[in-house]
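Asks: This is the structure, below, for whatever I ask next.
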Amino acid sequence: MRIKTAAKGDLDALCAIEAEAFNEDSFALTRQNFLYHIAKNRLFICKIGNKTAGYILLLLRKNSKKARVYSIAVKKEFGSQGVGFALLEKSFTYAKSIDKKGIKLEVNITNTRAIGLYEKSGFVKKGIISNYYPNGADAMLMEKIF
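Here the sequence shown is numbered in my numbering, starting from 1 and rising by one per residue.
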């Protein structure tokens, strides 16, 4: 398993992961979105052998002391292999290296698997955001402070 910064050559793999993970989400990232984030933010991919197993997208705002996990996804065939955990760990290392004091994220309150992963990685629950998603679902705000 290796984690590297995504490049334009990874677009097909990123789009395939996105389609599998968020196929019913109207806010799923497009090829153009990925191109933008490769240039403007930090997008890491996890490779297992010659396959892209997952990605994590960190938003980096100059005026914010915390990075934000905008999206994380792992291909189903690589589930339960530590890919999500490894991507989060890489994001922590990177955020610290650019003097961020923590990372925050929002997650659907019904996504217990993701919440468990985030808690295992040191995130704590900070509150609920009502009607956060287009379908009216609530989100849990979580953060990890370094």
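Quick reminder that beta carbons are idealized off the backbone N, C-alpha and C, glycines included.
Taking DSSP's pairing of strands, which residues face Cys15 in a bridge?
Replies: Bridge partners of Cys15: none, in fact.
Asks: Under 8 Å between the Cβ atoms of Lys22 and Ala53?
Replies: Note on identity: in this sequence residue 22 is Phe, with Lys being the wrong assignment. No, the pair does not count as a contact, with Cβ atoms beyond the cut-off.
Asks: For chain B, find out if any of its Cβ atoms is closer than 8 Å to the Cβ of Val69; answer yes or no.
Replies: Judged by its chain identifiers, the structure shown contains no chain B, having just a single protein chain.
Asks: Helix, strand or coil for Arg42, going by three-state DSSP, please let me know.
Replies: The answer is strand: DSSP assigns Arg42 an E or B state.
Asks: Does the stretch 104 to 121 come close enough to the stretch 36 to 52 to have 3 or more Cβ pairs within less than 8 Å?
Replies: Because the criterion of three Cβ pairs below 8 Å is not met, the stretch 104 to 121 and the stretch 36 to 52 do not touch.
Asks: Just checking my contact of Ala151 with Ile48 at CB under 8 Å: how many whole Å lie between their CB atoms?
Replies: No information on residue 151 is available, as it lies outside the stretch 1 to 146 that the chain covers here.
Asks: Identify every run of the alpha helix (DSSP H) within the stretch 73 to 101, keeping only runs that are complete inside it and at least 4 residues long; order them along the chain.
Replies: Here the runs fully enclosed are 83 to 97.
Asks: Please work out which residues of its chain come closer than 6 Å, Cβ to Cβ, to Leu57, disregarding the five sequence neighbours upstream and downstream, and give them in chain order.
Replies: Cβ within range, chain order: His37, Leu43, Tyr70 and Ser71.
Asks: Could you check whether Met140 and Val124 sit closer than 8 Å to each other, using their CB atoms as the reference points?
Replies: Result no, Cβ atoms of Val124 and Met140 do not sit closer than 8 Å.
Asks: Could you check what DSSP says for Lys8 in three-state terms: helix, strand or coil?
Replies: DSSP places Lys8 in helix when its eight states are reduced to three.
Asks: Sort out for me which residues DSSP pairs Met142 with in a bridge.
Replies: For Met142, which the question treats as bridged, DSSP gives the partners Leu105 and Lys125.
Asks: With H, G and I counted as helix, E and B as strand and the rest as coil, what does DSSP make of Thr110?
Replies: Residue state, collapsed to three classes: coil.
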